[in-house]
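Q:
Protein chains: 2
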Amino acid sequence: MIIISIGNELLYGKTVNTNASFIAEQLFNIGIEVEEVITIGDNKEDIEKALNQAFETSNWVITTGGLGPTKDDITKKVIADYFDCSLVMDQPTLERITEMYRRRGTQITEVNRRQAKIPEKGIALRNDHGTAPGIWIEEGEKVAVILPGVPFEMKAIMIEEVIPLIEKKRNKNQVVIHKEIVTAGIGESALSDLIESWELALPGHITLAYLPTPGKLMLRLTGRGNKAEKELLDQELEHQLDQLIQLVPQYIISTKNESIVEVISKKLIKKGQKLAVAESCTGGFLAHQITLLPGASQFFEGGIVSYSNTIKREILNVREINLKKHGAVSEFVVIDMAMNTMNLFDVDYAIAISGIAGPTGGTSEKPVGTAWIAVASPTKTVTQQVNYGTQGGREVIIQRVAGAALYLLYQQLQ
Amino acid sequence: MIIISIGNELLYGKTVNTNASFIAEQLFNIGIEVEEVITIGDNKEDIEKALNQAFETSNWVITTGGLGPTKDDITKKVIADYFDCSLVMDQPTLERITEMYRRRGTQITEVNRRQAKIPEKGIALRNDHGTAPGIWIEEGEKVAVILPGVPFEMKAIMIEEVIPLIEKKRNKNQVVIHKEIVTAGIGESALSDLIESWELALPGHITLAYLPTPGKLMLRLTGRGNKAEKELLDQELEHQLDQLIQLVPQYIISTKNESIVEVISKKLIKKGQKLAVAESCTGGFLAHQITLLPGASQFFEGGIVSYSNTIKREILNVREINLKKHGAVSEFVVIDMAMNTMNLFDVDYAIAISGIAGPTGGTSEKPVGTAWIAVASPTKTVTQQVNYGTQGGREVIIQRVAGAALYLLYQQLQ
Numbered sequence: 198m199i200i201i202s203i204g205n206e207l208l209y210g211k212t213v214n215t216n217a218s219f220i221a222e223q224l225f226n227i228g229i230e231v232e233e234v235i236t237i238g239d240n241k242e243d244i245e246k247a248l249n250q251a252f253e254t255s256n257w258v259i260t261t262g263g264l265g266p267t268k269d270d271i272t273k274k275v276i277a278d279y280f281d282c283s284l285v286m287d288q289p290t291l292e293r294i295t296e297m298y299r300r301r302g303t304q305i306t307e308v309n310r311r312q313a314k315i316p317e318k319g320i321a322l323r324n325d326h327g328t329a330p331g332i333w334i335e336e337g338e339k340v341a342v343i344l345p346g347v348p349f350e351m352k353a354i355m356i357e358e359v360i361p362l363i364e365k366k367r368n369k370n371q372v373v374i375h376k377e378i379v380t381a382g383i384g385e386s387a388l389s390d391l392i393e394s395w396e397l398a399l400p401g402h403i404t405l406a407y408l409p410t411p412g413k414l415m416l417r418l419t420g421r422g423n424k425a426e427k428e429l430l431d432q433e434l435e436h437q438l439d440q441l442i443q444l445v446p447q448y449i450i451s452t453k454n455e456s457i458v459e460v461i462s463k464k465l466i467k468k469g470q471k472l473a474v475a476e477s478c479t480g481g482f483l484a485h486q487i488t489l490l491p492g493a494s495q496f497f498e499g500g501i502v503s504y505s506n507t508i509k510r511e512i513l514n515v516r517e518i519n520l521k522k523h524g525a526v527s528e529f530v531v532i533d534m535a536m537n538t539m540n541l542f543d544v545d546y547a548i549a550i551s552g553i554a555g556p557t558g559g560t561s562e563k564p565v566g567t568a569w570i571a572v573a574s575p576t577k578t579v580t581q582q583v584n585y586g587t588q589g590g591r592e593v594i595i596q597r598v599a600g601a602a603l604y605l606l607y608q609q610l611q
Numbered sequence: 198m199i200i201i202s203i204g205n206e207l208l209y210g211k212t213v214n215t216n217a218s219f220i221a222e223q224l225f226n227i228g229i230e231v232e233e234v235i236t237i238g239d240n241k242e243d244i245e246k247a248l249n250q251a252f253e254t255s256n257w258v259i260t261t262g263g264l265g266p267t268k269d270d271i272t273k274k275v276i277a278d279y280f281d282c283s284l285v286m287d288q289p290t291l292e293r294i295t296e297m298y299r300r301r302g303t304q305i306t307e308v309n310r311r312q313a314k315i316p317e318k319g320i321a322l323r324n325d326h327g328t329a330p331g332i333w334i335e336e337g338e339k340v341a342v343i344l345p346g347v348p349f350e351m352k353a354i355m356i357e358e359v360i361p362l363i364e365k366k367r368n369k370n371q372v373v374i375h376k377e378i379v380t381a382g383i384g385e386s387a388l389s390d391l392i393e394s395w396e397l398a399l400p401g402h403i404t405l406a407y408l409p410t411p412g413k414l415m416l417r418l419t420g421r422g423n424k425a426e427k428e429l430l431d432q433e434l435e436h437q438l439d440q441l442i443q444l445v446p447q448y449i450i451s452t453k454n455e456s457i458v459e460v461i462s463k464k465l466i467k468k469g470q471k472l473a474v475a476e477s478c479t480g481g482f483l484a485h486q487i488t489l490l491p492g493a494s495q496f497f498e499g500g501i502v503s504y505s506n507t508i509k510r511e512i513l514n515v516r517e518i519n520l521k522k523h524g525a526v527s528e529f530v531v532i533d534m535a536m537n538t539m540n541l542f543d544v545d546y547a548i549a550i551s552g553i554a555g556p557t558g559g560t561s562e563k564p565v566g567t568a569w570i571a572v573a574s575p576t577k578t579v580t581q582q583v584n585y586g587t588q589g590g591r592e593v594i595i596q597r598v599a600g601a602a603l604y605l606l607y608q609q610l611q
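Chains as they are written, first to last, in this note's numbering: chain Y, 198 to 611; chain P, 198 to 611.
1. Taking K471 of chain P as the reference, give the member of P:N540, P:R421, P:N454 and P:Q447 with the closest Cα.
2. Taking Q250 of chain Y as the query, report the chain P residues whose CB atoms sit under 9 Å from its CB, ordered along the chain.
3. Rounding to the nearest angstrom, what Cα-Cα distance links G228 of chain P and G210 of chain Y in this structure?
4. Can you look up L644 of chain P in the DSSP assignment and give me helix, strand or coil?
5. Quick check on the DSSP output: what are the complete beta strand (DSSP E) runs of length 3 or more inside the stretch 275 to 325 of chain Y, in order along the chain?
6. Got a sec: is the Cβ-Cβ distance from K211 of chain Y to anything in chain P below 8 Å?
7. Who pairs with K339 of chain Y in a beta bridge, going by DSSP?
8. Return no unless some Cβ of chain Y is closer than 8 Å to the Cβ of Y298 of chain P.
9. How about H485 of chain Y: is its C-beta nearer than 8 Å to some C-beta of chain P?
10. Mind checking the stretch 214 to 230 of chain P against chain Y and listing, in chain order, the residues whose C-beta falls within less than 8 Å of any C-beta there?
11. Does I199 of chain Y come within less than 8 Å of chain P when only Cβ atoms are used?
12. Note down, in chain order, all residues in the stretch 487 to 505 of chain Y with a beta-carbon under 8 Å from any beta-carbon belonging to chain P.
13. Assuming the contact rule is C-beta atoms closer than 8 Å, N324 of chain P and I354 of chain P should be a hit. Round their C-beta distance to whole Å, please.
14. Between L605 of chain Y and Q581 of chain Y, which are expected to be in contact by the criterion C-beta below 8 Å, what is the C-beta distance as a whole number of angstroms?
15. So what does K376 of chain Y bridge to, in DSSP terms?
16. I'd like the span of the alpha helix (DSSP H) that includes N519 of chain P, first residue to last.
17. Strictly under 8 Å for the Cβ-Cβ distance: is Y407 of chain P near chain Y by that measure?
18. Mind listing which residues of the stretch 258 to 289 of chain P have their C-beta closer than 8 Å to chain Y's C-betas, in chain order?
19. Comparing alpha-carbon positions, which option in Y:A535, Y:G469, Y:Q495 and Y:I553 lies nearest S494 of chain P?
20. Could you check what DSSP says for G262 of chain Y in three-state terms: helix, strand or coil?
21. Report buried or exposed for L513 of chain P, applying the criterion of at least 16 other Cβ atoms within 10 angstroms of its Cβ.
22. Tell me the rounded alpha-carbon separation between V359 of chain P and L291 of chain P.
23. Any beta-carbon of chain Y closer than 8 Å to the one on L612 of chain P?
24. Can you check which of these residues, Y:E428, Y:A313, Y:L391 and Y:Q437, is closest to I403 of chain Y by C-alpha distance?
25. Please report how far the alpha carbon of V231 of chain P lies from the alpha carbon of N370 of chain P, in whole angstroms.
26. Only counting the same chain, and skipping five residues up and downstream in sequence, which positions put a Cβ closer than 8 Å to that of T215 of chain P?
27. Go ahead and pull the three-state DSSP assignment for Q159 of chain Y.
28. Starting from Y607 of chain P, trace the alpha helix (DSSP H) in both directions and tell me its first and last residue.
29. Is the number of C-beta pairs between the stretch 295 to 302 of chain P and the stretch 273 to 284 of chain P that are closer than 8 Å three or more?
30. Three Cβ pairs or more, each shorter than 8 Å: is that satisfied between the stretch 542 to 557 of chain Y and the stretch 582 to 602 of chain Y?
31. So, does the stretch 387 to 401 of chain P touch the stretch 441 to 451 of chain P, judging by three or more C-beta pairs under 8 Å?
32. Can you tell me which of Y:E511, Y:I315, Y:G481 and Y:G331 puts its alpha carbon nearest to the alpha carbon of G500 of chain Y?
33. What are the partner residues of V233 of chain P, as DSSP defines its beta bridges?
34. Assuming I466 of chain Y and L603 of chain Y form a contact by the criterion Cβ under 8 Å, report the distance between their Cβ atoms to the nearest whole angstrom.
35. Between G204 of chain Y and chain P, is any beta-carbon pair separated by less than 8 Å?
36. Sort Y:E296, Y:K352 and Y:S451 by Cα distance to A177 of chain Y and report the nearest one.
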């Protein structure tokens, strides 16, 4: 499978190509490999060239972008030319767009009518979130899928229309099985060192992939084989996974595709327990990570961003003597923060963080990247000092410190 | 210029190709256009093919990835083959790596020594943050730049070594001038409608690009011409920019490449004023956006994430009658939140947000995406209701509501 991403904005560097990642992930999940992503601008010549190159490598091509009503959007025409047919009006799409405008209280314009045209050999893929339909066109072995570039429109069409159509068409004899584990509390390279000999001993039809995302490092074992031997393959993967888990049990937080926040949330909700946070250097990022999870209100009461010492003293009751004697970035201060947050929010667990996210504010004793973390629980308060150095800058330090804090809480919940 | 991004992880969909965007942006800033980004896996055949294709289109190629010490990394060999030379030990690089390991208290291994080898026709580009050096190799008209895939290593080499070398080599007669404005308070398509006739009337050598990033929509005018006419071109761009600003003055927050948080921070710091926030549905994201800015402590005191009604009542003193009569997502409640945050944190300005980020929790009266925002200031409290619908999901709603809140504060600071 080749993905062609079309759009000048992708070549200016201000728009990151998240569409390609989303499509690749969806395909990966059903065992289809993406061989290449080609990113080009909104012009006829480049789109033609990319399409020709892509079909030389693969029979399957997905394009995104270049379907809007503006003058730049010419993907549809290039595809129609490639498959040697013309653009024709798709009546159901025209009706859908007309109805969409009617509900907005406006009339459909000529420009919008044009969006309902698709290559004669193709079929329209319903777009519930925008005017441009997706298009599926195939001839012989070749399949092209044309999707809009607006991420939420593309995503819905991909999940609801494209994946089911691909699954219908693909080879039914091969089977691909994935097994996943999610790790926390350790970096990718350190983990890689620990499991190296196990990884090198994997048989050829089983591969390991590291899939890091902000706040989550997932490891995915993929096994390939004949459909007839599916059960055997599954057992083999389970066996390999067990071996992996036995190697580094403390760092494996889940055998599903879930983040540490999800794992923590399940534990807290199950016990009917509540969480609150007090953040200094992470400045709200930890609370944000937690509240990105739908339904976070079931276990998360809230938090304080105590960015100044005044707020640490006056709202969080951090003792003046601790601030003076040990400084805001100290074990004493995060203990005060965590204990008082637990009381203030009347919760079972409280996380407190104080550190130096940089780029300034570091000292030789407490360089940029240093942070103290405390987790207060009904039975005890634990603390940890971390230092992630300056690599990656302020944003990465904030992410890493928040990740370490969540892992410290996770350990207390075990 | 063609960018080749190398790495299996980029084709699995879990790693977004931010390296290509960064490189494209750096090149765009010095007026160099990227024609294509080719993303491929870590294998010899695909790297060779991509390199051949790239050099057919352009004389300039930058690659990232595939320079680590593991078995998969074969970019360097493919490049050496392409330029018909062998890999030789680069002594300064070897010394740098040896010293790096010495400082870590370990000995350099054979695998790490290999990282100091570069194609004989190339020169090493210093990598202060990792072992693999960048490589610059040229022959005739062709230039290839080989960079590691680790983002912070790549970024430093790109800025410190590659850009200056490119500027040295490029055509000295052409001049490219950029003028930028940053907008807020309006979406891309609504803005596009407002300025359409101005945009269509731009002369051919001046182009407009929309450069949206989370929390910032930048418009960039680019003018191209001969070096001899640089001053004239600059005046022309200034004139066009003035016309644009006169069309939509209320939405233009800066003529520099700065975010709304930076604009707000400058105004507050200048007046010696302080800010605090109270967040419900945005759950810490607003505080996070603010504290991503280095030096935010100069104007930002902190915030409360009042995720539960209990916390709204008990910490923020939101009146029970307002919660009962109007609900947590109401003008009355955000006014209480903002006023009490102003008092609690003893600040000049306080932002309060309460809304429904979804996917559940919406009603017919207050559907998902609805939020109330209040900004309390020394002289008055203003409020705004927004509804961004469900498109884009929870994370996008959170970002948009936080963006609207910052714009409401920005207006009060004018």
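Backbone N, C-alpha and C fix where the C-beta goes; we use that ideal spot for every residue, glycine too.
A: The structure says:
1. Residue 471 of chain P sits at position 274 when you count from the first residue of the second sequence. Looking at the Cα atoms, P:N540 is the closest of the given residues.
2. Residue mapping note: residue 250 of chain Y aligns to position 53 of the first sequence, counting from 1. Correct list: Q250.
3. One-based indexing of the second sequence puts residue 228 of chain P at position 31. One-based indexing of the first sequence puts residue 210 of chain Y at position 13. Distance between the alpha carbons of G228 of chain P and G210 of chain Y is about 12 Å.
4. The requested residue 644 of chain P is not part of the displayed model; chain P covers only 198 to 611.
5. 284 to 286, 314 to 316 and 319 to 322
6. Taking the first sequence and counting its residues from 1, one reaches residue 211 of chain Y at position 14. For K211 of chain Y, the answer is yes, since a Cβ of chain P falls inside 8 Å of its Cβ.
7. Sequence index remark: in the first sequence, residue 339 of chain Y carries index 142 (1-based). Paired residue(s): Y:E336.
8. Residue 298 of chain P sits at position 101 when you count from the first residue of the second sequence. With 8 Å as the cut-off, Y298 of chain P does not count as an interface residue toward chain Y.
9. Here residue 485 of chain Y refers to the residue found at position 288 when the first sequence is read from its first residue. It does; some Cβ of chain P falls within 8 Å.
10. N214, T215, A217, S218, F219, I220, A221, E222, Q223, L224, F225 and E230
11. Locating residue 199 of chain Y in the first sequence gives position 2, counting from the first residue. With a threshold of 8 Å between beta carbons, I199 of chain Y makes no contact with chain P.
12. I487, T488, L489, P491, G492, A493, S494, F497, E498, G499, G500, I501, V502, S503, Y504 and S505
13. Reading the second sequence from its first residue, position 127 is the one you call residue 324 of chain P. Reading the second sequence from its first residue, position 157 is the one you call residue 354 of chain P. That pair is a contact at about 6 Å.
14. Residue numbering aside, residue 605 of chain Y sits at position 408 when the first sequence is read from its first letter. Residue numbering aside, residue 581 of chain Y sits at position 384 when the first sequence is read from its first letter. Cβ atoms of L605 of chain Y and Q581 of chain Y come within 8 Å of each other, at about 5 Å.
15. Here residue 376 of chain Y refers to the residue found at position 179 when the first sequence is read from its first residue. In the DSSP output, where bridge partners are listed per residue, K376 of chain Y has Y:L418.
16. As a working mapping, residue 519 of chain P is identified with position 322 in the second sequence. It spans E517 to H523 - the alpha helix (DSSP H) in which N519 of chain P sits, taken as one unbroken run.
17. For the purposes of this step, residue 407 of chain P is taken as residue 210 along the second sequence, with counting starting at 1. By this cut-off, Y407 of chain P is an interface position.
18. none
19. The residue you call residue 494 of chain P lines up with position 297 of the second sequence. Comparing alpha carbon positions, the residue from Y:A535, Y:G469, Y:Q495 and Y:I553 closest to S494 of chain P is Y:I553.
20. Translated into the one-based positions of the first sequence, residue 262 of chain Y becomes position 65. Annotated three-state conformation of G262 of chain Y is coil, per DSSP.
21. Residue numbering aside, residue 513 of chain P sits at position 316 when the second sequence is read from its first letter. Flag for L513 of chain P reads buried.
22. On the second sequence, residue 359 of chain P is found 162 positions in, with the first residue counted as 1. On the second sequence, residue 291 of chain P is found 94 positions in, with the first residue counted as 1. The straight-line gap from Cα to Cα measures roughly 21 Å.
23. The structure shown has nothing for residue 612 of chain P, since chain P only spans 198 to 611.
24. In the first sequence, counting from the first residue as 1, residue 403 of chain Y sits at position 206. Looking at the Cα atoms, Y:Q437 is the closest of the given residues.
25. Mapped onto the second sequence, residue 231 of chain P falls at position 34. Mapped onto the second sequence, residue 370 of chain P falls at position 173. One C-alpha to the other measures close to 20 Å.
26. As a position in the second sequence, residue 215 of chain P is number 18, starting the count at 1. Counting only Cβ-Cβ distances below 8 Å, and skipping sequence neighbours, we find P348.
27. Not covered by the structure: residue 159 of chain Y. The range shown for chain Y is 198 to 611.
28. Translated into the one-based positions of the second sequence, residue 607 of chain P becomes position 410. Counting along the chain, the alpha helix (DSSP H) containing Y607 of chain P begins and ends at G590 to L610.
29. no
30. In short, these stretches touch, since the Cβ pair count reaches three.
31. Here the stretch 387 to 401 of chain P makes contact with the stretch 441 to 451 of chain P; the two share three or more CB pairs at distances below 8 Å.
32. As a position in the first sequence, residue 500 of chain Y is number 303, starting the count at 1. Closest option to G500 of chain Y, Cα to Cα, is Y:G481.
33. Sequence index remark: in the second sequence, residue 233 of chain P carries index 36 (1-based). Note that residue 233 of chain P is Glu in the sequence shown here, rather than Val. Paired residue(s): Y:I237 and P:I199.
34. Counting from 1 along the first sequence, the entry for residue 466 of chain Y is found at position 269. Counting from 1 along the first sequence, the entry for residue 603 of chain Y is found at position 406. With a Cβ gap of about 16 Å, I466 of chain Y and L603 of chain Y do not count as contacting.
35. In the first sequence, the residue the question calls residue 204 of chain Y occupies position 7. Not an interface residue.
36. A query on residue 177 of chain Y cannot be resolved here, the shown segment of chain Y reaching from 198 to 611 and no further.
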